[in-house]
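Colleague: Following this message is one structure expressed as structure tokens.
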Amino acid sequence: KSILLGLLVFYIPGVLIIMLTTVPYLLGDEFNDTLLSIAVLCLWPLGTGIVKSIVNVFGAKQYHPVLQSSLIQSYYVSFYTVINVGALAGIGLIPILAQYSITIAYMVPMGLLTIGGTCFVFRTPRYVRHPPRPRKGNVCCGGKARGGLRTITLFEIFRIGLLIVPFCVGYNQMPTTFIVQGTVMSNAFGIFDVASMNSLDAISVLFFGSITANYVYPYLAKHGIKIPTTYKFAIGSALGSLAIVWAIFVEGMIHSTYQSTGEKVNVLWQAPSYTLIGLGEIFAVSAAYEVAFTASPPDKKVLASATNIFCVGGLPNMLCI
């Protein structure tokens, strides 16, 4: 019900209003700034926050917390991989449609949200739905509410979520610093420019995410091996650091090449940075989603998910301003 509330009351109406503002004179003789502000600054963010906080938790709850606990990490990798299908489609399709019609470009997410909500409603009887119940113990993370280990608080979930911040600060360089760097580089094969390079991140996530979720994690689970969450954060952060180091190397190459020959460096030199960031996301970001679910109390999982999303997106953005 909460997902439908976010979709029907906030998310879809917000996108619909934005789409309608692109039609000349539909909402009045002058452009309606107030209505657009309500949609962009209120409805759309609220809908996104509600849906994103709940939908990943709802999916993870389809697995038994004990008998299928090893499948949850693969689920979150697959979940994050599927998100990047939309990102890749948005990078490749929406700009092309926008050249012909902004309204049609906004109709794509509007239509997909409507289709997704409709499918969710009609497939509801097949979902596993747990009624709210008082917390009796933290089975997933090994804690006990009585007579044993202390339970994990929401503040501790936030402290764990802070481990993702360094990687996400590096991730945020893609739409900013990497783009600025790419603007002074030459196109590859005459068609691939700096805007096209951003799609390599989504492609990297799709490729490595599929391998990790379908082969790596199942193989490790079969042999009783589970990578600790802190190791996943460390691997992701290391890959993000390598991406930044490579970008610094490319920056030096740009200056040295221009000073010596006056020529531009090919934009494909940025490819390793985007690829490394994408690979790092598989470990770091999916691990952040996973730990927010598995380590939080049953009655605080959605709030823990929202806290994690703030650590993944909100806090790094604030630090990068």
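If you want this note's numbering, it's the 1-based position in the sequence shown plus 207.
Glycine included, each C-beta is placed from N, C-alpha and C at the ideal position.
Computed from a prediction, not measured in an experiment: that's the story for all the values here.
(1) Check each candidate in I279, V315, D400 and name the one with the smallest Cα separation from L300.
(2) Would you report the Cα separation of L215 and Y465, rounded to the nearest angstrom?
(3) Closer than 6 Å by C-beta to Y277: which residues in its own chain qualify, once you throw out the five before and the five after it? Chain order, please.
(4) For S393, list the residues DSSP reports as bridge partners.
(5) Would you mind working out which of I298, A312, G297 sits nearest L304, comparing C-alpha positions?
(6) Using the Cβ count rule (16 or more neighbours within 10 Å means buried), how would you classify R353?
(7) Where does the unbroken alpha helix (DSSP H) through M226 begin, and where does it stop?
(8) Whether or not the stretch 212-226 and the stretch 250-265 are in contact is what I'm after, with contact meaning three or more pairs of Cβ atoms, one per stretch, closer than 8 Å; do they touch?
(9) Please classify I455: is it buried, with 16 or more other beta-carbons within 10 angstroms of its beta-carbon, or exposed?
(10) If you drop the 5 nearest sequence neighbours on each side, which residues of the same chain put their C-beta closer than 8 Å to that of R366?
(11) Please list the terminal residues of the continuous alpha helix (DSSP H) segment that includes M381.
(12) Comparing C-alpha positions only, which one of P425, L242, F490 sits nearest to T437?
(13) A450 and G377: beta carbons closer than 8 Å?
(14) Since H462 is in the alpha helix (DSSP H), which residue starts that stretch and which ends it?
(15) Going straight from the alpha carbon of A495 to that of F385, what length do you get?
(16) Tell me the DSSP secondary structure of F399 in three-state form.
(17) Might you give, ordered along the chain, the residues of its own chain that have their beta carbon closer than 7 Å to the beta carbon of T482, omitting 5 neighbours on each side?
(18) For V328 and L320, what's the separation of their Cα atoms in angstroms?
(19) Please state the DSSP three-state secondary structure of D506.
(20) Do three or more CB pairs link the stretch 419-427 to the stretch 516-524 at distances below 8 Å?
(21) Between P332, W453, I261, which has its C-alpha nearest I210's C-alpha?
(22) So, under 8 Å CB-CB, S403 and N473 are touching, yes? Tell me the CB distance rounded to an integer number of Å.
(23) Taking the continuous alpha helix (DSSP H) assigned at K433, which residues delimit it?
Modeller: Once the coordinates are examined:
(1) V315
(2) 54 Å
(3) Note on residue identity: the sequence assigns Ser, not Tyr, to residue 277. Result list for S277: A428, in chain order.
(4) N473
(5) A312
(6) Here the model assigns R353 a pLDDT of 42, short of 50, so the residue's position is not dependable, and the following value carries that caveat. That one is exposed.
(7) 219-228
(8) yes
(9) exposed
(10) none
(11) Unbroken run through M381: none, as it is neither H nor E.
(12) F490
(13) yes
(14) 436-468
(15) 24 Å
(16) strand
(17) L407, S411
(18) 12 Å
(19) helix
(20) no
(21) I261
(22) At roughly 13 Å, the Cβ-Cβ gap does not stay under 8 Å, so S403 and N473 are not in contact.
(23) Looking at the DSSP string, K433 is not in any alpha helix (DSSP H), and its letter there is neither H nor E.
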